[in-house]
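>
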Amino acid sequence: MHCVRNITSDVRLIGGSDRRLSLFENVFPVPRGVSYNAYLVLDEKTVLLDTADSAVGAHFYENLEHALQGRPLDYIIVNHMEPDHCSTLGAVLRTYPDAQVVASAKAISMIGQFFEADISGRCMTVKEGDTLSTGRHTFTFVMAPMVHWPEVMVTYDTTDKVLFSADAFGTFGALDGNVFADEVPFETEWLPDARRYYTNIVGKYGAQVQTLLKKAAGLEIRMICPLHGPIWRENIAWFVEKYQRWSTYTPEDRTVAIFCGSIYGNTENAAEILAALLADKGVKDVRLYDVSHTHVSELVAEAFRCSHLVFAAATYNGEIYTPMDNFLRDLKSHGLRNRTAALIENGTWAPQSGKQMGELLGSMKDITVLDCTVSLKSSVKEAQRQALESLADALASSLFSKEA
Numbered sequence: 024m025h026c027v028r029n030i031t032s033d034v035r036l037i038g039g040s041d042r043r044l045s046l047f048e049n050v051f052p053v054p055r056g057v058s059y060n061a062y063l064v065l066d067e068k069t070v071l072l073d074t075a076d077s078a079v080g081a082h083f084y085e086n087l088e089h090a091l092q093g094r095p096l097d098y099i100i101v102n103h104m105e106p107d108h109c110s111t112l113g114a115v116l117r118t119y120p121d122a123q124v125v126a127s128a129k130a131i132s133m134i135g136q137f138f139e140a141d142i143s144g145r146c147m148t149v150k151e152g153d154t155l156s157t158g159r160h161t162f163t164f165v166m167a168p169m170v171h172w173p174e175v176m177v178t179y180d181t182t183d184k185v186l187f188s189a190d191a192f193g194t195f196g197a198l199d200g201n202v203f204a205d206e207v208p209f210e211t212e213w214l215p216d217a218r219r220y221y222t223n224i225v226g227k228y229g230a231q232v233q234t235l236l237k238k239a240a241g242l243e244i245r246m247i248c249p250l251h252g253p254i255w256r257e258n259i260a261w262f263v264e265k266y267q268r269w270s271t272y273t274p275e276d277r278t279v280a281i282f283c284g285s286i287y288g289n290t291e292n293a294a295e296i297l298a299a300l301l302a303d304k305g306v307k308d309v310r311l312y313d314v315s316h317t318h319v320s321e322l323v324a325e326a327f328r329c330s331h332l333v334f335a336a337a338t339y340n341g342e343i344y345t346p347m348d349n350f351l352r353d354l355k356s357h358g359l360r361n362r363t364a365a366l367i368e369n370g371t372w373a374p375q376s377g378k379q380m381g382e383l384l385g386s387m388k389d390i391t392v393l394d395c396t397v398s399l400k401s402s403v404k405e406a407q408r409q410a411l412e413s414l415a416d417a418l419a420s421s422l423f424s425k426e427a
């Protein structure tokens, strides 16, 4: 049975949610599921904006057919060709052979890569600023390359001031009846997944997101319709400010996150001592994570959130303990910058992790590593406790001296 939601008087939400999926992109845990949003505009001409993942394909097809109410489908606007939004596109093209495809040149090319579909006589290639009038509505196309694929564009309805934003402003999490962000406790329950979604999927492309935000600043936006997660119609500026911070690699919170890679617990003991010392010095919301047990997507999101990062790792085969090494390389690949970092190393006979972690951080942009690395040989002794005290002083001084 169909489940079509009215977004405005003539815009319908016709996608679906997948609560069975365990790993988004076969990488990221999604314990709250994920939604695949597609939109249908019922004007003098009908317009489908993106399709959906095949996991919700049956519901999507049923929703589309019901929402059309026997009318033909005139246009299919393809904002993003990633399979979670286009795996059902081939079937839609076959079902509605007269529908015109509207997309960027790169997206048109990708359609041929994904599907055995000849759309040469039924496609409209659009570029920055091109428009499409469908009756009451006029759509303007805004190119958004590398947010986060090269073919991406967003579509702005100049009539109702709605931005169909592709993957921008999306989040993990299935929609549970309430489809608007103002209907759910977004700041407390959804923001962590929105941050994790952005930082891990789009985080590398901060400069390109900045370009899109500057374009969007010139538009009057009353509603944002993303391809994942709730729709925004209130307090839009609050969420845009989060994107402004994330895309400029500006910390949300001035606090310390400690990331620990410990084999037998001794490195973890040092991390716990540091966390307690920081709390004693007035640092609030200190977080301590075991990199072996916390999914790396959560770690990346926290590194984007916090201003000061401590990496505590054992030496393993003469190198950085493997989960920590993987995490640091993930941070580098996501372009994290503008952070203050500190190091704790451990090694029973030849501590090397500190030097190598420092080299990795040194290869990243705008990372300041404090010159007070704590080095352990097996376990914390009084000398190392004093060194941890000095490290806590340095972190606290850095935190509080830069606060406005």
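Residue numbers (the working numbering): 24 to 427. Positions of the beta carbon are idealized from the N, C-alpha and C atoms, including for glycine. From a predicted model like this one, the values you see are computed outputs, not experimental measurements.
When you compare the CB positions of L71 and I99, do they come within less than 7 Å of one another, or not?
Against a cut-off of 7 Å, the Cβ pair of I99 and L71 comes out as a contact.
> Considering just the uninterrupted stretch of the alpha helix (DSSP H) at E295, what are its terminal residues?
Its alpha helix (DSSP H) spans residues 289-303.
> Would you call the segment 254-267 in contact with the segment 321-332, where contact means no fewer than 3 C-beta pairs closer than 8 Å?
No, they do not touch.
> Give me whichever residues DSSP pairs with N369 in a beta bridge.
DSSP output for N369 lists A337, L399 as bridge partner(s).
> Can you tell me whether A239 is buried or exposed, with buried defined as 16 or more other CB within 10 angstroms of its CB?
A239 should be labelled buried.
> Would you kindly work out how many angstroms separate the C-alpha atoms of A75 and D389, rounded to a whole number?
Cα-Cα distance, rounded: 39 Å.
> Taking Y18 as part of the alpha helix (DSSP H), name the residues at either end of that continuous run.
Look at the range of the chain in this structure, 24 to 427, and you will see that residue 18 is not part of it.
> Please work out which residues of its chain come closer than 6 Å, Cβ to Cβ, to A427, disregarding the five sequence neighbours upstream and downstream, and give them in chain order.
Because A427 carries a pLDDT of 44, less than 50, the predicted location of this residue cannot be relied on, and the following value inherits that uncertainty. Closer than 6 Å at Cβ, skipping near neighbours: no residue.
> Does the Cβ-Cβ distance between D308 and T278 come in under 7 Å?
Going by C-beta atoms, D308 is nearer than 7 Å to T278.
> Buried or exposed for Y119, going by 16 or more other Cβ atoms inside 10 Å?
Flag for Y119 reads buried.
> If distances are taken between C-alpha atoms only, which option among D33, F195, H160 comes closest to L45?
Checking the sequence, you will find Ser at residue 45 rather than Leu. Selected option, being the one with the closest Cα: F195.
> Under 6 Å Cβ to Cβ from A373, same chain only, skipping five residues before and after it: list those, please.
So the list is empty, once near-sequence residues are dropped.
> Quick one: Cα of R219 to Cα of E212, how far?
Those two C-alpha atoms are separated by around 12 Å.
> Can you tell me where the alpha helix (DSSP H) holding D97 begins and where it ends?
From DSSP, D97 is part of no alpha helix (DSSP H); its letter is neither H nor E.
> For G196, write down the residues that DSSP places opposite it in a beta bridge.
DSSP lists V57 as partners of G196.
> Bridge partners for G284 per DSSP, in chain order?
Looking at the DSSP assignment, G284 forms a beta bridge with A336.
> Answer with buried or exposed for W261, where buried requires no fewer than 16 other C-beta atoms within 10 angstroms of its C-beta.
Per the 10 Å Cβ criterion, exposed.
> Considering only residues of the segment 374-423, which uninterrupted alpha helix (DSSP H) runs meet the minimum length of 4 residues and lie entirely inside it, listed in chain order?
Listed in chain order, they are 376-385.
> Going by DSSP, which residues form a beta bridge with T118?
According to DSSP, which records beta bridges pairwise, T118 is partnered with nothing at all.
> Does the separation of the CB atoms of A417 and C395 fall below 7 Å?
In contact: A417 and C395 (Cβ atoms closer than 7 Å).
> In terms of alpha-carbon separation, which member of V185, F138, G135 lies closest to I247?
Among V185, F138, G135, the Cα nearest to that of I247 belongs to V185.
> Identify whether S132 lies in helix, strand or coil by the three-state DSSP scheme.
Of the three classes helix, strand and coil, the one that applies to S132 here is helix, per DSSP.
> Just reading off the beta strand (DSSP E) that I247 is part of, what are its end residues?
Start and end: 246-248.
> Beta-carbon within less than 8 Å of L229's beta-carbon, same chain only, minus the 5 sequence neighbours each way: which residues are those?
It is worth fixing the name first, because residue 229 is Gly in this sequence and not Leu. W269, S270, T271, Y272, G358, listed in sequence order.
> Are the CB atoms of S58 and L214 nearer to each other than 7 Å?
The answer is no: Cβ separation not under 7 Å.
> Please classify A81: is it buried, with 16 or more other beta-carbons within 10 angstroms of its beta-carbon, or exposed?
With fewer than 16 other Cβ atoms within 10 Å, it is exposed.
> Indicate the three-state DSSP secondary structure (helix, strand or coil) for W172 in the structure shown.
Reduced to three states, the DSSP call for W172 is coil.
> Under 8 Å, with one C-beta from each stretch per pair, do the segment 338-353 and the segment 276-291 reach the 3-pair mark?
Yes, the segment 338-353 is in contact with the segment 276-291.
> Could you check whether E174 and K227 sit closer than 7 Å to each other, using their CB atoms as the reference points?
Contact: no.
> Pull the bridge partners of P52 from the DSSP assignment, please.
According to DSSP, which records beta bridges pairwise, P52 is partnered with L46.
> In this structure, what does DSSP give as the bridge partners for D141?
D141 pairs with nothing; no bridge assigned.
> Tell whether a beta-carbon distance below 7 Å holds between T148 and F162.
Against a cut-off of 7 Å, the Cβ pair of F162 and T148 comes out as no contact.
> From S77, R145, N369, pick the residue whose C-alpha is nearest to that of P106; which is it?
Measuring from the Cα of P106, the nearest candidate turns out to be S77.
> Between which two residues does the beta strand (DSSP E) harbouring C109 extend?
Here C109 belongs to no beta strand (DSSP E); instead the alpha helix (DSSP H) covers 106-109.
> The alpha helix (DSSP H) spanning D348 covers which residue range?
Element bounds for D348: 345-356.
> How far does the alpha helix (DSSP H) with G229 in it reach, from first residue to last?
Run containing G229: 229-240, per the alpha helix (DSSP H) assignment.
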